[in-house]
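Take 2 as the starting number for the sequence shown in this note's numbering and just add one per residue. Read the structure below first, then the notes.
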Amino acid sequence: MLVRDRWCQGVLVTQTGHGSGPQMLRLMNCAAVLSAIRATGTARVTDLIRATGLSRPTVSAAVSTLMADGWVEETEAPDPDLPRMGRPARVLRFRADARYVLGIDVGPHKIYCVVADLSGTVVSHARRDVDGPRTHAQLLEQVKATMRRALDAVPVPSSALAAVGIGTPGVVDDQRGAVVQAPSIPGWSSLELGGLFRRSVECSVRVENDVNLAVMAERWNGAGGAAENLILVQWGARVGAAVLVHGQLHRGAHGAAGELGFLELDEEPRGVQPDGLGPLESAAGTAWILRRAVSLGFDDGADAAAVLTAAADGEPRALQAVEEACAQLSRGLASFVSAIDPELVIIGGSIALAGDAVLASMRRHLGRRALVTPRLELSQLGDDAVALGAVRLALADAERRLLDVYAAPSSAEQV
């Protein structure tokens with residue numbers, strides 16, 4: 002049975018608190034042993050002794066504490082068919098299902114929730130389409146309802162949540178969990194989203210810009226791989242970017258780094274448009290691509306997805322619309338590329354429906370504007386990217402709270 006009081010203040014603690022001296026040392030030993038088990042998936046006591054440098058009695062005591070608290074359990078030996086001599090060694094594994102994390106993508110048109118265990122394995126998800134403007138109270142209720150659907154599908158009680166990550170458009174103060182500006186969601190600006198959501202759950206809540214989370218997901222489990230310096234361009238009706246420098250998420254002084262869609266293309270500033278779009282996304286987003294394709298004679302009953310799919314298939318009018326949008330977008334992106342000098346640019350969002358057509362066009366236009374053209378790839382995560390990034394954020398937060406504060410903590414920004 003899990004002891005709830007032992008998940009708090011960033012450490013495994015007893016009901017009576019941290020204590021000092023021997024008690025603190027025991028906590029540090031537990032953290033070291035737990036880290037070693039998590040690093041390998043399964044481990045024997047002898048493996049843990051080698052990995053931690055602790056004595057056998059100390060490791061055994063730490064294992065007993067972790068098992069009593071529900072974080073570790075005995076499992077089958079990884080090679081059950083091998084002959085055994087004498088008493089079989091204890092094989093231990095981290096109980097990834099001891100707690101869960103929740104990743105939430107809140108966008109202007111959808112709410113997407115993903116539940117994962119502490120190893121990052123997704124166990125359920127739920128989606129709700131959002132039509133038309135909503136007050137922040139109405140949208141928050143829809144988020145909570147979608148969250149309950151995802152949790153009930155496992156089922157996982159909200160009390161079993163270790164952490165929640167939320168991705169939202171706009172500029173985010175990640176320390177306060179507040180949305181500073183969000184032109185695409187009416188009533189969402191100046192919203193203390195983290196504080197409001199904490200009233201519904203009994204765990205930590207982290208809030209981050211949605212494209213920042215998408216690049217975390219791409220680095221964790223997508224096209225980002227081992228790239229240390231990369232840019233993700235999330236390109237749909239809106240256009241945003243996220244930047245990793247030396248593996249670290251770059252937010253900027255005000256959390257507004259990567260707001261590519263708000264770059265000005267004209268000599269005379271246009272500012273935010275009545276529909277909440279910035280100048281660049283107004284001139285290159287998928288809504289513009291649709292309008293341009295229709296003006297060229299494409300079916301006026303089509304939607305943007307149909308145009309992008311047609312471009313992937315080589316339809317001339319759709320290809321021309323995508324080509325012109327790439328020419329516009331590259332004007333803004335080239336400055337990012339020149340300043341960051343990334344090894345990789347990942348292109349995500351609905352524009353990826355155009356496939357190789359958008360990659361080839363962006364390579365041509367960037368090649369004309371940037372001194373060095375980085376490698377370009379399409380996102381491998383598609384519509385799941387933001388929610389999976391929110392899961393990654395929540396996992397990092399949960400890990401910090403699980404391990405002793407005096408152990409080397411992981412960083413949510415080191416992805």
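C-beta: ideal position from N, C-alpha, C; glycine also.
Keeping to the same chain, check which residues put their C-beta closer than 6 Å to that of residue i; ignore five residues upstream and five downstream.
i: S201; result: K145
i: A285; result: A326, Q329 and L330
i: E265; result: P280
i: H110; result: V131
i: F263; result: G279
i: R94; result: T43 and T76
i: A312; result: A319, L320, V323, A355 and A358
i: H247; result: E229
i: L403; result: none
i: G223; result: Q381 and L382
i: D301; result: V295
i: A33; result: T53
Just checking my contact of residue i with residue j at CB under 8 Å: how many whole Å lie between their CB atoms?
i: R177; j: E193; result: 7 Å
i: V244; j: E209; result: Contact doesn't hold; Cβ gap of about 14 Å is too wide.
i: A162; j: V102; result: The residue asked about is misnamed: residue 162 is Leu in this sequence, not Ala. Confirmed, about 7 Å.
i: S205; j: A164; result: 5 Å
i: L261; j: P343; result: Incorrect: roughly 13 Å between the Cβ atoms, too far for contact.
i: V180; j: T169; result: 6 Å
i: G237; j: T287; result: 5 Å
i: V240; j: P184; result: With a Cβ gap of about 13 Å, V240 and P184 do not count as contacting.
i: A195; j: I105; result: The amino acid at residue 195 is misidentified as Ala; the sequence shows Gly. With a Cβ gap of about 12 Å, G195 and I105 do not count as contacting.
i: E74; j: R96; result: 5 Å
i: V227; j: L233; result: Here the sequence assigns Ala to residue 227, which means Val is not the residue at that position. The pair is not a contact, with the Cβ atoms about 15 Å apart (cut-off 8 Å).
i: C31; j: T66; result: 5 Å
i: I112; j: R129; result: 5 Å
i: A37; j: A52; result: 4 Å
i: L197; j: L141; result: 6 Å
Determine the burial state of residue i: buried for a count of at least 16 other Cβ atoms within 10 Å of its Cβ, exposed for fewer.
i: P375; result: buried
i: P40; result: Checking the sequence, you will find Ala at residue 40 rather than Pro. Flag for A40 reads exposed.
i: E400; result: buried
i: L1; result: Here the chain covers residues 2 to 416 and nothing more, so residue 1 does not appear.
i: L55; result: buried
i: G333; result: buried
i: E282; result: buried
i: R207; result: buried
i: A306; result: exposed
i: T147; result: buried
i: L35; result: buried
Excluding five sequence neighbours on each side, which residues of the same chain lie with their C-beta closer than 7 Å to the C-beta of residue i?
i: R150; result: A127
i: L377; result: V346, I348, L360, M363 and R364
i: A99; result: L3, G71, W72 and L119
i: V212; result: L233, Q235, G241, A242, A243 and G259
i: M68; result: E74
i: L394; result: G166, R207, E209, L214, M217 and A413
i: R125; result: The displayed chain sequence assigns Ser, not Arg, to residue 125. Excluding positions up to five away in sequence, the list reads V116, A151, A154 and V155.
i: A335; result: L367, R370 and A371
i: G277; result: P184 and S185
In its own chain, which residues sit with a C-beta less than 8 Å from the C-beta of residue i, not counting the 5 before and 5 after it?
i: S61; result: V46
i: R297; result: Reading the sequence as shown, one finds Leu at residue 297 and not Arg. Contacts found: R318, Q321 and A322.
i: A254; result: none
i: D267; result: P280
Check residue i in the structure and name its three-state DSSP category.
i: E325; result: helix
i: L31; result: Reading the sequence as shown, one finds Cys at residue 31 and not Leu. Here C31 sits in helix by DSSP.
i: F198; result: helix
i: H137; result: helix
i: V308; result: helix
i: T169; result: strand
i: F337; result: helix
i: T43; result: strand
i: H366; result: helix
i: R207; result: strand
i: W289; result: helix
i: R94; result: strand
i: I352; result: helix
i: W189; result: coil
i: S125; result: strand
i: D385; result: helix
i: V60; result: helix
i: Q176; result: coil
i: A117; result: strand
i: L379; result: strand
i: A242; result: strand
i: A397; result: helix
i: E419; result: The shown model of the chain, from 2 to 416, leaves out residue 419, and the question about it has no answer.
The ligand NAD and residue i: does any heavy atom of the ligand fall closer than 7 Å to the residue's C-beta?
i: A358; result: Ligands are entirely absent from the displayed structure, and the ligand NAD is therefore not among its contents.
Problem - Three CB pairs or more closer than 8 Å across the segment 212-220 and the segment 180-189 - result: no
Practice task
Report yes or no: do the segment 359-375 and the segment 290-304 share at least 3 C-beta pairs separated by less than 8 Å?
Solution key: no
Exercise for the section: Report yes or no: do the segment 372-392 and the segment 346-362 share at least 3 C-beta pairs separated by less than 8 Å? Expected result: yes
Exercise for the section: Assess, as a yes-or-no matter, whether the segment 332-341 is touched by the segment 386-393 under the definition of 3 or more beta carbon pairs within less than 8 Å. Expected result: no
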